[in-house]
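Here is the structure we will look at.
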Amino acid sequence: MPQDIKSDVKLNLEGLLCPIPIVKVSQAMKNMEVGGVLEATATDPGVLADIPAWAKSTGNELISINKEGKIIIFLLKRSK
Amino acid sequence: MAKDDAVTMIVISGDFDKVFAALSIAIGAAAAGKETNMFFTFWGIKAIQKGNFTGKSLFGRMVGLLNRGGINRIGPSRFNFWGIGRWMFKQMMKSKKITPLEELRQTAIDLGVKLFPCETSMQVMEIKKEDLIDEAEESCGVATMLELAFHSKVTLFI
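Those sequence lines, one after another, are chains G and U.
For the first sequence, the residue numbers in the numbering used here are -3 to 76.
For the second sequence, the residue numbers in the numbering used here are 184 to 341.
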C-alpha cells in the first residue's frame, strides 16, 4: 500500500462472498465525497478480479489491490 | 432513462440456481450504477410471490399447489429430490456464508432493481397482484419488457 495515501473510509469485507463485496463497496463509495479514498479488506479471492472490473465499469480509480496472506487489501478513489 | 446502458433480464426459470444467478447479476449491475430491470415470466414469477396458495379454478388451484411460489420454496433445477436437494443446497450455502436467496432479493430491491411481473403468466396461472411481494412493479407485457430492452446494453434471458 502506498505510504502517502490516506484512506477516508475503511471497510471490512472479510468472509463475504460475491456479490456482496461489490454491493458494500458501491454503497460506501456513494456516501463518500468525490476524491475520497476507500480502503477495504476482503477474503473472497473473487474480489481480485471483481474490484478492478467494478472500478472499470463505474469509472472509479483503483489505486492498489494486494493480497497479503489470506487478506486482500484494496484502495479505491471516488472519481466522479 | 436517458442513457442507453441499462441491464434488462427476463427470468423465465423458477429454479433456485437460476434465480440465484439472475439476482446476483442484477445486484452486480445495480452496484455498478446501472438501471436494472428484471422481468419475471412463467416459472420465474415464483421468485416474486409471497408463497401463499393461489388459483381459483380446479386447474388453477392445482398449479398453485404443485407449483407453489415463494422464493424460499423454489428448488434447484437438478438434484432437488422432492425438496431434499433444496435443503442440502441451503445448508451448503449457509456453511459457506453465502447470502440466502431472500436476502439477495432484498438487496436487489434496496439497490433499486425493478421487478416486473408478466401479466399473461399471472392470468394463466391464476396469480393475483396480492399474491406477489409488495415491492413488485405493476404487471406488464412484452411491449414494456422490450421498451426496457431497447435502452439496455445487456439483455439476458434466464
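Note that the Cβ used here is the ideal one computed from N, Cα and C, for glycine as well.
In this structure the region 10 to 21 of chain G lies against the region 36 to 45 of chain G, because at least three pairs of beta carbons, one per stretch, are closer than 8 Å.
Measuring C-alpha to C-alpha distances from Gln306/U to each of Met328/U, Trp270/U and Gly247/U identifies Gly247/U as the nearest.
Considering only beta carbons, the part of the region 271 to 284 of chain U lying closer than 9 Å to chain G consists of Lys279, Lys280, Ile281 and Thr282, in chain order.
Shown here, Phe262/U sits in coil according to DSSP, grouped into three states, outside any helix or strand. Excluding the 5 residues flanking it on each side, Gly268/U has same chain C-beta neighbours closer than 7 Å at Gly258, Pro259 and Phe262, in chain order. Taking the C-beta atoms as reference points, Leu298/U is found nearer than 9 Å to Glu318/U. Three or more beta-carbon pairs drawn from the region 193 to 204 of chain U and the region 227 to 237 of chain U are found closer than 8 Å, and the two stretches are therefore classed as touching.
Inclusion of Ile59/G and Pro48/G in the CB contact set at 9 Å is not warranted, their separation being larger than that value.
Around the Cβ of Lys217/U, a 10 Å sphere holds 16 or more other Cβ atoms; the residue is buried. Within 9 Å of the CB of Leu294/U, the CB atoms of chain G belong to Val19, Ser22 and Gln23, in sequence order along the chain. The region 264 to 300 of chain U is shown to contain whole alpha helix (DSSP H) runs of 4 or more residues at 267 to 278 and 284 to 293, in chain order. Interface criterion not met: the Cβ of Leu34/G is under 9 Å from no Cβ in chain U. Nearest to Leu287/U by alpha-carbon distance, out of Ile195/U, Ser322/U, Ala326/U and Ala213/U, is Ala213/U. For Gly11/G, the neighbours in chain U by C-beta distance under 8 Å run, in chain order, Lys280. The beta carbon of Ile210/U falls within 9 Å of a beta carbon belonging to chain G, placing the residue at that interface.
For the pair Gly243/U and Glu309/U, the CB atoms are nearer than the 9 Å cut-off.
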